[in-house]
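Chemist: Heads up: the sequence shown is residues 0 to 257, going by numbering that gives the first Met the number 0.
Glycine included, each C-beta is placed from N, C-alpha and C at the ideal position.
Bear in mind the structure is a predicted one, so any value in this text is a computation, not a measurement.
Let me give you the structure first, and then I'll get to my questions.
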Amino acid sequence: MGSDRAFGYWKSSIRALHSLHQFRQKKPVQRTSQKFRKSTEKENVDHKIYMRDTIGNISKILRYLTWDSAQEQLEKLSIRWDSYTVNQVLKSHPPMEKAWLFFNWASRLKGFKHDQFTYTTMLDIFGEARRIESMNYVFQQMQEKGIKTDAVTYTSLMHWFSNDGDIERAVRVWKEMKAKGCCLTVVSYTAYMKILFDNKRVKEAADVYKEMLQSGCAPNCYTYTVLMEHLTGSDISVVLKLNHITFGLNAFVLILLV
Numbered sequence: 000m001g002s003d004r005a006f007g008y009w010k011s012s013i014r015a016l017h018s019l020h021q022f023r024q025k026k027p028v029q030r031t032s033q034k035f036r037k038s039t040e041k042e043n044v045d046h047k048i049y050m051r052d053t054i055g056n057i058s059k060i061l062r063y064l065t066w067d068s069a070q071e072q073l074e075k076l077s078i079r080w081d082s083y084t085v086n087q088v089l090k091s092h093p094p095m096e097k098a099w100l101f102f103n104w105a106s107r108l109k110g111f112k113h114d115q116f117t118y119t120t121m122l123d124i125f126g127e128a129r130r131i132e133s134m135n136y137v138f139q140q141m142q143e144k145g146i147k148t149d150a151v152t153y154t155s156l157m158h159w160f161s162n163d164g165d166i167e168r169a170v171r172v173w174k175e176m177k178a179k180g181c182c183l184t185v186v187s188y189t190a191y192m193k194i195l196f197d198n199k200r201v202k203e204a205a206d207v208y209k210e211m212l213q214s215g216c217a218p219n220c221y222t223y224t225v226l227m228e229h230l231t232g233s234d235i236s237v238v239l240k241l242n243h244i245t246f247g248l249n250a251f252v253l254i255l256l257v
């Protein structure tokens, strides 16, 4: 499994958590009639379609117009510029330069403030383009402005540093994430394990896996896939050690590993 495909997995998984928190609303306590519920459901569907079309239109504006023309068009749009909308536009993969111009344009909008979601997406855009210094600048801005940095942000940083060949910096990011008390997930653990495995640091990766289990974080299918890919043909003593300590692996997976 290539690094891009692997990154795509954890990104889609952990971003789902980000999207859930970003778009979460309190559920109404009162009971509602079936007719009212159907009406509400239709309104929700219509709103999703409207937002999809709106974001698609904004993405085209950024892709095909010069920034001056794009800015004029953006200012004519009668939409509410909130974090969710801005983040979805950034995630539609506009050209990097346009994405950065749009990011800064949005920061000047009255009543709008970038948050951990929009900052992390902008960080990913620079990381994917291998603009590491620009990525660092975005992260520094988050810290200076007191923007929350969570496991999503740190795992992104780890990936892009590793992807750029700076494994030691990726390791430092992992340690900083833990020191900051971020809530580590199976996605974070597995992403870091894969970084270590990819750089032949099998013993360290095995220790991270053990730590994950001891913390009560259960492995998922992708975790097992990473183990099978990187431990097959590796030092058998490492496999046997995992076999001894890993109550989370079932017999079938252990057979495949060996």
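Do L183 and C220 count as a contact pair if the criterion is CB distance below 8 Å?
Modeler: In the sequence shown, residue 220 corresponds to position 221, counting from 1. In the sequence shown, residue 183 corresponds to position 184, counting from 1. Not closer than 8 Å, so no.
Chemist: Suppose contacts are defined by Cβ-Cβ distances below 8 Å. Is I48 in contact with V88 by that definition?
Modeler: For this step, residue 48 is matched to residue 49 along the sequence shown. For this step, residue 88 is matched to residue 89 along the sequence shown. Result no, Cβ atoms of I48 and V88 do not sit closer than 8 Å.
Chemist: May I have the straight-line CA-CA distance separating Y118 from A98, to the nearest angstrom?
Modeler: Position 119 of the sequence shown, counted from the start, is the residue given in the question as residue 118. Position 99 of the sequence shown, counted from the start, is the residue given in the question as residue 98. Looking at the two C-alpha atoms, the distance is approximately 12 Å.
Chemist: Is it buried or exposed for A69, if we count other Cβ within 10 angstroms and need 16 for buried?
Modeler: For the purposes of this step, residue 69 is taken as the residue at position 70 of the sequence shown. Under this definition A69 is a buried residue.
Chemist: Over what stretch of residues does the alpha helix (DSSP H) that includes A205 continue unbroken?
Modeler: Within the sequence shown, residue 205 is the residue found at index 206, counting from 1. Element bounds for A205: V201 to Q213.
Chemist: Does the Cβ-Cβ distance between Y191 and V207 come in under 8 Å?
Modeler: Start at 1 with the first residue of the sequence shown, and residue 191 comes out as number 192. Start at 1 with the first residue of the sequence shown, and residue 207 comes out as number 208. For Y191 and V207, yes; Cβs fall inside 8 Å.
Chemist: So, for P93: in the same chain, excluding its five sequence neighbours on each side, which residues have a beta-carbon less than 7 Å away from its beta-carbon?
Modeler: Here residue 93 is taken as the residue at index 94 of the sequence shown, counted from 1. S58, L61, R62 and F101.
Chemist: Against chain B, does V186 count as a neighbour if the rule is that its beta carbon must be under 8 Å from one of theirs?
Modeler: Of the chains in the structure shown, none is chain B; there is only one protein chain.
Chemist: On the DSSP letters alone, give me the boundaries of the alpha helix (DSSP H) that S187 sits inside.
Modeler: Your numbering for residue 187 matches position 188 in the sequence shown. Its alpha helix (DSSP H) spans residues V185 to D197.
Chemist: CA-CA distance, Q115 and V151?
Modeler: Mapped onto the sequence shown, residue 115 falls at position 116. Mapped onto the sequence shown, residue 151 falls at position 152. So the two alpha carbons sit approximately 9 Å from each other.
Chemist: Using the beta-carbon count (16 or more within 10 Å), is K286 buried or exposed?
Modeler: Any question about residue 286 goes unanswered here, given that the chain covers just 0 to 257.
Chemist: Roughly how many angstroms lie between the CA atoms of L230 and W159, to the nearest whole one?
Modeler: Position 231 of the sequence shown holds residue 230. Position 160 of the sequence shown holds residue 159. Approximately 24 Å between the Cα atoms of the pair.
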